[in-house]
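Asker: Sequences listed follow chains X and W, in order. If you're matching positions, the first sequence starts at 891 in our numbering and goes up one per residue. If you're matching positions, the second sequence starts at 891 in our numbering and goes up one per residue. Sharing a structure with you now.
Protein chains: 2
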Amino acid sequence: MSRTVGCIGGGQLGRMLALAAAPLGVRFRFLDPSLDACAGDVGELLVGPYDDPGLLDRLADGADAVTYEFENVQVEAARRVGAAPDARALERGQDRLVEKELFRSLGIPTARYGSLEDTGLPALVKSRRFGYDGKGQRIAETLVVLGDDELAEEIVPFDRELSIVAARGRGGETVFYPLAENEHRGGILAVSRAPAPDARQGEAERIATKLLDALGYVGVLAVELFEVAGTLLANEFAPRVHNTGHWTIDGAVTSQFENHVRAVLGLPLGSTEALGESVMLNLVGHAPPVERLLAVPGAHVHLYGKAPRPGRKLGHVTLVDADEARIADVAALASSAWQS
Amino acid sequence: MSRTVGCIGGGQLGRMLALAAAPLGVRFRFLDPSLDACAGDVGELLVGPYDDPGLLDRLADGADAVTYEFENVQVEAARRVGAAPDARALERGQDRLVEKELFRSLGIPTARYGSLEDTGLPALVKSRRFGYDGKGQRIAETLVVLGDDELAEEIVPFDRELSIVAARGRGGETVFYPLAENEHRGGILAVSRAPAPDARQGEAERIATKLLDALGYVGVLAVELFEVAGTLLANEFAPRVHNTGHWTIDGAVTSQFENHVRAVLGLPLGSTEALGESVMLNLVGHAPPVERLLAVPGAHVHLYGKAPRPGRKLGHVTLVDADEARIADVAALASSAWQS
């Protein structure tokens, strides 16, 4: 009685989903334009455009559920395969303006947004669509004219960046991981620590719950938050497993990947309890020699099998309840990758 | 810089090796006579006899290491591919008489063995070769004549069955997991608990060390032990990852599977520290519905993707630091599988 899940996208998130699914007797099948898609190492790979109707039908054929691993999947493609999370989540998340207005309509606080008159100066100007990892962003110092596809956002003097990863099952039941505290470098996530100390967990869960329920959501969702003077502002949500939840593989009873698989298949969700204090460090650009990473006691190394390229996420390392010296050892190795 | 490991055998042990290897950027390639070999879900599968020279050469072609996942691999096959662990471990382990004499030559205590005159009556009569999970065993009540391929073993009034799983790296460094306490049912492992309370860890490590060093061993090795009146007798060793070490996936910092991969590739070994008190229960015969297993909080479910068959190991469940009620819930589900 083996189950199959189809997944639009075959990157590292798909790969980690398949690795979490295998012990449940669940196989993954991926659709990705790249023959080298790294999820192909651990599942069946259909190679072609994400929106190819014939391939989408093959992806869904005999599958017990179809999901996706990136937020720029075409809404029509997700509809065609009856994806979980529902295509609505993509629709609302793909346009930053629609996303912010969803937050507003649900009473979820955000930074000011709209025109530069709305935000004041200086402000961040972002593409409304297809931005990620800080791409498509610039700072406006003067009242320039924005394009139709652009949105201004207030530059928030936040105290820290947090994120909450949540899962909602087919019956509407929800679970929440402890908040993670995140540091970015050049717009790319560098480090997450979880559980974030002294964080407003209840407030974050209320924000996530509003979104999950409004979207009739099934699967894992992440919300990026700014903590400003003790309150939380929602920045954006991602309708998928999230880089700031990678610590859960080694640092929580059930990983975000396993809970996503459980959710889309209608299986009971697993405990999100943290096993200790986790630090997750991204390996970006090129990965340090694996033997040096593995030589750090307690380092859990995750490489994605991707070719090196500046700015590309190639892997991550998680430490649980490690002392600062070991964290510093991994951080030094990870930093060497970013700089080269 | 992705690495590849070849593996003779594509059963659940190979499958779990590949799942542990993927995060290190390591791919597995398997050789198995069955098209349905369950490791084929998570790696490349060459289908054919274990001793086919052409397939063995393909298995080893471009691989950074070749290993095996069962102890009845032909010694010549292991030699041909330069396997780790070395073929010597197979040679000594495949014949129960040779194995016992290795123990004796190393000063490792065992039950009495040899002829029925050596052991006294009643005694266990075992095939010298190709027995596993209690197959090929009978009890002799009278002085019957043994075949050349048979060996008598004293029936030891042991207090409990224990096992130690150890790993030795290419440089001779060794690590040891805490002893597990094991219960068998009909000759098949049913439950392991680790760390075994009040166990003679140091004595077990000395036994394992003698074996590892004598065999110039590289990889994970398990030694099954009887505890009798406070001392340990070696029963047999297995030159591979071991069912009594499955708890390490969820219950130790580094799993036995990851440490085997690290060892055969010459990478640093990982911490064997236990995260808590683990209970591992085998699913044998047919697996209970996965949703019922997953509904038990904290249950880590591992299904191997194998078709049900009486007496066949189909999966296992591990609980870490769980209360007895939850363990009983899983045990009841697991038992229903054995009986049907």
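Backbone N, C-alpha and C define an ideal beta-carbon position, used for all residues, glycine too.
Alpha carbon to alpha carbon, what distance is there between D985(X) and A1153(X)?
Answerer: In the first sequence, the residue the question calls residue 1153(X) occupies position 263. In the first sequence, the residue the question calls residue 985(X) occupies position 95. So the two alpha carbons sit approximately 25 angstroms from each other.
Asker: By the criterion of Cβ-Cβ separation under 7 angstroms, what are the contact partners of R1152(X) in chain W?
Answerer: Counting from 1 along the first sequence, the entry for residue 1152(X) is found at position 262. In chain order, L1184 make up the part of chain W whose C-beta sits under 7 angstroms from the C-beta of R1152(X).
Asker: Apply the 10 Å Cβ neighbour rule to L925(X) and answer buried if 16 or more other Cβ atoms are within range, or exposed otherwise.
Answerer: Here residue 925(X) is taken as the residue at index 35 of the first sequence, counted from 1. Exposed, since its Cβ has fewer than 16 Cβ neighbours within 10 Å.
Asker: Measuring straight from C-alpha to C-alpha, what distance separates T957(W) and V1151(W)?
Answerer: Your numbering for residue 957(W) matches position 67 in the second sequence. Your numbering for residue 1151(W) matches position 261 in the second sequence. Cα-Cα distance, rounded: 9 angstroms.
Asker: Is the beta carbon of R1083(W) closer than 7 angstroms to that of E1071(W)?
Answerer: Along the second sequence, one-based indexing puts residue 1071(W) at 181. Along the second sequence, one-based indexing puts residue 1083(W) at 193. Their beta carbons are under 7 angstroms apart, which means E1071(W) touches R1083(W) by this criterion.
Asker: Rounding to the nearest angstrom, what Cα-Cα distance links N1149(W) and D1140(X) in this structure?
Answerer: If you number the second sequence from 1, residue 1149(W) lands on position 259. If you number the first sequence from 1, residue 1140(X) lands on position 250. Distance between the alpha carbons of N1149(W) and D1140(X): 16 angstroms.
Asker: Please classify G944(W) as buried or exposed, where buried requires at least 16 neighbouring CB atoms within 10 angstroms.
Answerer: Position 54 of the second sequence, counted from the first residue, corresponds to residue 944(W). So G944(W) ends up on the exposed side.
Asker: Is R970(X) close to chain A, meaning its C-beta is less than 7 angstroms from at least one C-beta of that chain?
Answerer: Of the chains in the structure shown, none is chain A; the protein chains are X and W.
Asker: When DSSP labels each residue in this structure, what does S1017(W) get in the three-state scheme?
Answerer: Residue numbering aside, residue 1017(W) sits at position 127 when the second sequence is read from its first letter. Looking at S1017(W) - three-state DSSP - the assignment turns out to be strand.
Asker: Can you confirm whether H1136(X), when its beta carbon is compared against all beta carbons of chain W, has any partner nearer than 7 angstroms?
Answerer: Against the first sequence, residue 1136(X) aligns to sequence position 246. H1136(X) does not count as touching chain W.
Asker: In or out: D922(X) buried (at least 16 other Cβ within 10 Å) or exposed?
Answerer: By one-based count along the first sequence, residue 922(X) stands at place 32. Looking at its Cβ environment, which holds 16 or more other Cβ atoms inside 10 Å, D922(X) is buried.
Asker: Is Q1146(X) near V1169(X), with beta carbons less than 7 angstroms apart?
Answerer: Reading the first sequence from its first residue, position 256 is the one you call residue 1146(X). Reading the first sequence from its first residue, position 279 is the one you call residue 1169(X). Cβ atoms of Q1146(X) and V1169(X): not closer than 7 angstroms.
Asker: Among R1075(W), A968(W), D976(W) and A1142(W), whose alpha-carbon lies nearest the alpha-carbon of K1025(W)?
Answerer: Position 135 of the second sequence, counting from 1, holds the residue named residue 1025(W). Among R1075(W), A968(W), D976(W) and A1142(W), the Cα nearest to that of K1025(W) is on R1075(W).
Asker: If you count every other CB in all the chains shown that lies within 10 Å of the CB of V1035(W), and 16 or more means buried, which is it?
Answerer: Counted from its first residue, the second sequence places residue 1035(W) at position 145. With fewer than 16 other Cβ atoms within 10 Å, it is exposed.
Asker: Using alpha carbons as the reference points, say which of E934(W), P1068(W), D931(W) and L1101(W) lies closest to L992(W).
Answerer: As a position in the second sequence, residue 992(W) is number 102, starting the count at 1. The shortest Cα separation from L992(W) among E934(W), P1068(W), D931(W) and L1101(W) belongs to L1101(W).
Asker: What's the gap between the Cα of G1183(W) and the Cα of V1220(W)?
Answerer: As a position in the second sequence, residue 1183(W) is number 293, starting the count at 1. As a position in the second sequence, residue 1220(W) is number 330, starting the count at 1. It should be pointed out that residue 1183(W) corresponds to Leu in this sequence rather than to Gly. Cα to Cα, L1183(W) sits roughly 7 angstroms from V1220(W).
Asker: Suppose you measure from the CA of A908(X) to the CA of D1088(W); what does that come to, to the nearest Å?
Answerer: By one-based count along the first sequence, residue 908(X) stands at place 18. By one-based count along the second sequence, residue 1088(W) stands at place 198. So the alpha carbons of these two residues sit roughly 39 angstroms apart.
Asker: Taking the alpha carbon of L1124(X) as the point to measure from, which residue in A967(X), A1057(X), K990(X) and I1045(X) has its own alpha carbon closest?
Answerer: Against the first sequence, residue 1124(X) aligns to sequence position 234. According to the sequence as given, residue 1124(X) is Ala; it is not Leu. For A1124(X), the nearest C-alpha among the options comes from K990(X).
Asker: Would you kindly report the start and end of the unbroken alpha helix (DSSP H) that includes F993(X)?
Answerer: On the first sequence, position 103 is the one that residue 993(X) refers to. Taken as a continuous stretch (DSSP letters only), the alpha helix (DSSP H) holding F993(X) covers R986 to S995.
Asker: Could you give the first and the last residue of the continuous alpha helix (DSSP H) run that contains F1147(W)?
Answerer: Looking up residue 1147(W) in the second sequence gives position 257. Taken as a continuous stretch (DSSP letters only), the alpha helix (DSSP H) holding F1147(W) covers Q1146 to V1154.
Asker: Can you find a C-beta in chain W that's less than 7 angstroms from the C-beta of H1192(X)?
Answerer: What you label residue 1192(X) is simply residue 302 of the first sequence in a count that begins at 1. For H1192(X), the answer is yes, since a Cβ of chain W falls inside 7 angstroms of its Cβ.
Asker: Would E1214(W) count as contacting chain X if we go by Cβ distances under 7 angstroms?
Answerer: Stepping through the second sequence from its first residue, residue 1214(W) is reached at position 324. Not one chain X Cβ lies under 7 angstroms of E1214(W).
Asker: Taking the alpha-carbon of A968(X) as reference, which of I898(X), G1135(X), C928(X) and V1108(X) has the nearest alpha-carbon?
Answerer: For the purposes of this step, residue 968(X) is identified with residue 78 of the first sequence, where counting begins at 1. Closest option to A968(X), Cα to Cα, is I898(X).
Asker: Please give me, in chain order, every unbroken run of the alpha helix (DSSP H) with length at least 4 that falls completely inside the stretch 1089-1123 of chain W.
Answerer: 1091-1104
Asker: Per DSSP, which one or two residues make a beta bridge with R1083(X)?
Answerer: To locate residue 1083(X), count along the first sequence from 1; it is residue 193. Note: R1083(X) sits in a beta bridge opposite E1071(X) and V1169(X).
Asker: Is the Cβ-Cβ distance between G900(W) and L946(W) less than 7 angstroms?
Answerer: Position 10 of the second sequence, counted from the first residue, corresponds to residue 900(W). Position 56 of the second sequence, counted from the first residue, corresponds to residue 946(W). No, Cβ-Cβ distance for G900(W) and L946(W) is not below 7 angstroms.
Asker: Given a threshold of 16 other Cβ atoms within 10 Å of its Cβ, counted over all protein chains shown, does L1033(X) qualify as buried or as exposed?
Answerer: Numbered from 1 along the first sequence, position 143 holds the residue referred to as residue 1033(X). With fewer than 16 Cβ atoms within 10 Å of its Cβ, L1033(X) is classed as exposed.
Asker: List the DSSP bridge partners of D922(W).
Answerer: On the second sequence, residue 922(W) is found 32 positions in, with the first residue counted as 1. The partner list for D922(W) (beta bridge, DSSP) reads V937(W).
Asker: When you compare only the Cα positions, how much space is there between L1122(X) and T1162(W)?
Answerer: Taking the first residue of the first sequence as 1, we reach residue 1122(X) at position 232. Taking the first residue of the second sequence as 1, we reach residue 1162(W) at position 272. Roughly 40 angstroms separates the two Cα atoms.
Asker: Helix, strand or coil for T1032(X) per DSSP?
Answerer: One-based indexing of the first sequence puts residue 1032(X) at position 142. Coil.
Asker: Reducing DSSP to helix, strand and coil, say where G896(W) ends up.
Answerer: Counted from its first residue, the second sequence places residue 896(W) at position 6. Looking at G896(W) - three-state DSSP - the assignment turns out to be strand.
Asker: As a quick exercise: from L1155(W), V1186(W), R1002(W) and A1056(W), pick the residue whose alpha carbon is nearest that of E1114(W).
Answerer: Position 224 of the second sequence, counted from the first residue, corresponds to residue 1114(W). Considering only alpha carbons, the answer is A1056(W).
Asker: For chain X, find out if any of its Cβ atoms is closer than 7 angstroms to the Cβ of A912(W); answer yes or no.
Answerer: As a first step, residue 912(W) is located in the second sequence; it is residue number 22 there, counting from the start. A912(W) counts as touching chain X.
Asker: What residues from chain W crowd round R917(X), counting only those whose CB sits closer than 8 angstroms?
Answerer: Within the first sequence, numbered from 1, the residue matching residue 917(X) stands at position 27. Correct list: D931 and G1195.
Asker: Does the beta carbon of V1143(W) sit closer than 7 angstroms to a beta carbon anywhere in chain X?
Answerer: The residue you call residue 1143(W) lines up with position 253 of the second sequence. By this cut-off, V1143(W) is an interface position.
Asker: Roughly how many angstroms lie between the CA atoms of G896(W) and A953(X), to the nearest whole one?
Answerer: Sequence index remark: in the second sequence, residue 896(W) carries index 6 (1-based). Sequence index remark: in the first sequence, residue 953(X) carries index 63 (1-based). Those two C-alpha atoms are separated by around 30 angstroms.
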